[in-house]
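In what follows, a single structure is set out as structure tokens and then discussed.
Number of protein chains: 2
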Amino acid sequence: MTEEDLTPRERRAARTREAILDAAREMISERGAHGLSLREVARRIDYSPAGLYEYFGNKDELVAAVVAQGFERFSRYLLGVPIDLPPRDYLLELGMAYIRFAVENPQHFMLIFNTPDLRSSKPDDEFIAEGTHHVLIKGIQRCLDAGEISNSYQREDLVFAAWATVHGMSTLIVSHLSHDDHDWLATSRVMLEAWCRGLEQPP
Amino acid sequence: MTEEDLTPRERRAARTREAILDAAREMISERGAHGLSLREVARRIDYSPAGLYEYFGNKDELVAAVVAQGFERFSRYLLGVPIDLPPRDYLLELGMAYIRFAVENPQHFMLIFNTPDLRSSKPDDEFIAEGTHHVLIKGIQRCLDAGEISNSYQREDLVFAAWATVHGMSTLIVSHLSHDDHDWLATSRVMLEAWCRGLEQPP
DNA sequence: CTTGACAACCGAACAGTGTTCGGATATAAT
DNA sequence: ATTATATCCGAACACTGTTCGGTTGTCAAG
């Protein structure tokens, strides 16, 4: 697919495209998603505002592209969890990776999950999203198979609750408790362990 | 405090102030927080753009005011939970009220919790925020006192986890699963019950 | 009732934004 | 060397938030 037989033209285009994305990402990191300005991006990379429109149809497409980049980074956190861990440890580390991404990339995290038009509709992004979702489903399923979570719960409900819990912890930490010097990562781990343990026995 | 002995002048001012807030809230509901335009607000209530600045110092103060209104509405959901319920039921219904607010006021919910500068710094808002926070703390404490949650957990950790869970469920439902016809409120209730039950026994 | 103080409001302007379009320039293929 | 096309820009358009000076209207004191 992604062969390296690119013409010099295409290589240049890819590079300036990356430069635009870099400038946009940096600008979002320092001024928030709201403070992104196409004209300022153009200024930083010595382009004219109109020039950017060769690479991105409009502003929304640009932020969608950096959202996609951030989401890919996010998926690498999740996919980096060793698959050979015991089921419950795997699920726990999956959640911790989720939260760790948020803590280590707060701007990216907020951008990804607070951008209202997440319907990127690009099949590529949809694929990555499905991938991360599937990782979670498989983590739950493994716990169910191993009997470490009671099978009296519906798998979809468990996925929902697990996702909600780690997402909520992440959101709270980065956007409400960021001025707190408490080690919320440790607290998250403790409470996630409790969550898993509590689901071991049937209702 | 809020005596009704207002001069006609003040009464008019309060009314137009409310008109501005109404128009802004409606506009946010239909075009999102990003699509709020002071000029459009002025247009809708037959004012000049400059006229609004008699009532709000700038755009941020206006959205802060509608955020404050939304947060007050939110706190009414939480404070409306009957205090005479058994400890665990009370905590559960508190969480359900949280989620119900999100489901029934998705725009308000997203606006409140996605607006980055939530540091409203107005003592009044801070008071309401403290109020809702305190309701949760008391709900947890009651469960601890009644032995329905093992006291081997730290109260602050429990507050964090409970808050995170219901907040995450709310966020997921309104901004990622809204196009789903599944009854996520029922699922939330089931999984919150499981969460409470799981914390009954010590680790 | 008149006068003065002040609140309420507006018109016009300024600086900034996203976006479009016609034209200029560079690059590559013929 | 000549096309064709990919890049890029200047200028304009329609917006936006915000400020400022001036014009009203309102209310209380003389």
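Chain order of the listed sequences is H and G.
Heads up, the first sequence is in the numbering used here, so the first residue is 1 and it goes up one at a time.
Heads up, the second sequence is in the numbering used here, so the first residue is 204 and it goes up one at a time.
The C-beta atom is built at its ideal place from N, Cα and C for all residues, glycine as well.
Pair within 8 angstroms by beta-carbon distance, residue i and residue j
i: Ser378 (chain G); j: Tyr301 (chain G); result: no
i: Tyr55 (chain H); j: Arg17 (chain H); result: yes
i: Ser75 (chain H); j: Thr132 (chain H); result: yes
i: Leu255 (chain G); j: Ile231 (chain G); result: no
i: Trp398 (chain G); j: Trp195 (chain H); result: yes
i: Cys143 (chain H); j: Leu94 (chain H); result: no
i: Arg392 (chain G); j: Pro203 (chain H); result: no
i: Thr242 (chain H); j: Phe363 (chain G); result: A question about residue 242 (chain H) goes unanswered here, because the residues of chain H that appear run from 1 up to 203.
i: Tyr280 (chain G); j: Phe304 (chain G); result: yes
Status (buried if at least 16 other CB within 10 Å, exposed otherwise) for residue i
i: Leu375 (chain G); result: buried
i: His370 (chain G); result: buried
i: Ile352 (chain G); result: buried
i: Ile286 (chain G); result: exposed
i: Phe330 (chain G); result: exposed
i: Thr7 (chain H); result: exposed
i: Asn261 (chain G); result: exposed
i: His311 (chain G); result: buried
i: Gly80 (chain H); result: exposed
i: Pro86 (chain H); result: exposed
i: Ala65 (chain H); result: buried
i: Arg215 (chain G); result: exposed
i: Ala217 (chain G); result: exposed
Residue i at chain G interface by Cβ criterion, 8 angstroms
i: Met1 (chain H); result: Below a pLDDT of 50, predicted positions are generally treated as unreliable, and Met1 (chain H), at 42, falls in that range; the measurement from the model is reported next regardless. Output row for Met1 (chain H): interface = no.
i: Leu199 (chain H); result: yes
i: Asn151 (chain H); result: no
i: His134 (chain H); result: no
i: Ala24 (chain H); result: no
i: Val67 (chain H); result: no
i: Asn114 (chain H); result: yes
Among the options, the one whose alpha carbon lies nearest that of residue i
i: Ala365 (chain G); options: G:Ala389, G:Glu351, G:Leu395, G:Arg345; result: G:Leu395
i: His237 (chain G); options: G:Leu380, G:Leu288, G:Met313; result: G:Met313
i: Ala227 (chain G); options: G:Glu213, G:Gly342, G:Arg215, G:Arg242; result: G:Arg242
i: Asp60 (chain H); options: H:Ala129, H:Leu36, H:Gly139; result: H:Leu36
i: Asp225 (chain G); options: G:Ala245, G:Arg214, G:Arg212; result: G:Ala245
i: His182 (chain H); options: H:Ala146, H:Glu156, H:His134, H:Val103; result: H:Val103
i: Pro309 (chain G); options: G:Leu380, G:Asp292, G:His337; result: G:Leu380
i: Asp383 (chain G); options: H:Asp180, H:Glu156, H:Leu199; result: H:Glu156
i: Leu339 (chain G); options: G:Ala216, G:Arg291, G:Gly350; result: G:Arg291
i: Gln201 (chain H); options: H:Gly147, H:Ala68, H:Ala129; result: H:Gly147
i: Thr318 (chain G); options: G:Val270, G:Leu265, G:Gln357; result: G:Val270
i: Arg276 (chain G); options: G:Glu233, G:Gln344, G:Ala332; result: G:Ala332
i: Ile248 (chain G); options: G:Gly235, G:Leu361, G:Tyr356, G:Glu229; result: G:Glu229
i: Gly32 (chain H); options: H:Asp5, H:Val63, H:Ile140; result: H:Val63
Cβ of residue i within 8 angstroms of any chain H Cβ
i: Phe363 (chain G); result: yes
i: Met230 (chain G); result: no
i: Ala305 (chain G); result: no
i: Gly298 (chain G); result: no
i: Pro406 (chain G); result: yes
i: Gly342 (chain G); result: no
i: His311 (chain G); result: no
i: Thr368 (chain G); result: yes
i: Asp386 (chain G); result: no
i: Asp360 (chain G); result: yes
i: Val393 (chain G); result: yes
Uninterrupted alpha helix (DSSP H) stretches inside the region 95-171 of chain H (no shorter than 4 residues): Here the runs fully enclosed are 106-114, 123-145.
Complete beta strand (DSSP E) runs within the region 208-234 of chain G (minimum length 3 residues, chain order): If only complete runs of 3 or more residues are kept, the region 208-234 of chain G shows no beta strand (DSSP E) anywhere.
Entirely enclosed alpha helix (DSSP H) segments - the region 226-297 of chain G, minimum 4 residues: The region 226-297 of chain G contains these whole alpha helix (DSSP H) runs: 241-247, 262-282.
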